[in-house]
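Heads up: the structure comes next, in structure tokens.
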Amino acid sequence: MSFLTKMRDTLLPEATKEKIIKHQVKKQINNKLGLNGALDTHVDKLAEKVFEKVDASTVFKAKDMFDKLKAAPKDENK
Numbered sequence: 001m002s003f004l005t006k007m008r009d010t011l012l013p014e015a016t017k018e019k020i021i022k023h024q025v026k027k028q029i030n031n032k033l034g035l036n037g038a039l040d041t042h043v044d045k046l047a048e049k050v051f052e053k054v055d056a057s058t059v060f061k062a063k064d065m066f067d068k069l070k071a072a073p074k075d076e077n078k
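Residue 1 is where the sequence shown starts when you use the working numbering, and the numbers rise one by one after that.
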């Protein structure tokens with residue numbers, strides 16, 4: 001786990017982590033699909049269902065892992 005992820009995980013309350021995640025998801029969806037916030041209420045409802053099963057700390061850790069794997073050098077021989 002990166003230093004930034006570890007600090008964010010220990011210092012921020014769970015509600016703040018959830019707000020950060022929701023904001024980033026809405027931003028990505030609106031940018032990719034050009035919706036200008038049209039589906040924000042649906043994204044919030046979906047996020048609440050996800051947070052019932054997985055806590056925000058786990059989402060941060062998974063994002064950190066994903067970023068590390070994405071940045072890893074690719075093997076050109078395969």
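All residues carry an ideal CB built from backbone N, CA and C; glycine is no exception.
As the structure is a prediction and not an experimental result, all values here were calculated from the model.
Burial state of residue i (16 or more Cβ within 10 Å)
{"i": "ALA56", "result": "buried"}
{"i": "LYS22", "result": "buried"}
{"i": "PHE3", "result": "exposed"}
{"i": "PHE60", "result": "buried"}
Short Cβ contact (9 Å threshold) for residue i with residue j
{"i": "THR5", "j": "ASP44", "result": "no"}
{"i": "VAL40", "j": "LYS26", "result": "The displayed chain sequence assigns Asp, not Val, to residue 40. Yes, the pair counts as a contact, with Cβ atoms nearer than the cut-off."}
{"i": "ILE20", "j": "LEU12", "result": "yes"}
Beta-carbon proximity list for residue i, same chain, < 7 Å, skipping 5 on both sides
{"i": "GLU14", "result": "ASP55, ALA56"}
{"i": "ASN36", "result": "ASN30"}
Neighbourhood of residue i by C-beta, 8 Å cutoff - its chain only, sequence neighbours within 5 removed
{"i": "PHE51", "result": "GLU18"}
Neighbourhood of residue i by C-beta distance below 6 Å, restricted to the same chain and skipping five residues each side
{"i": "ALA38", "result": "none"}
Discussion item. Please give the ranges of any beta strand (DSSP E) in the stretch 2-53, keeping only runs that are unbroken, at least 3 residues long and fully inside the region.
Written reply: DSSP assignment within the stretch 2-53 yields no whole beta strand (DSSP E) run of 3 residues or more.
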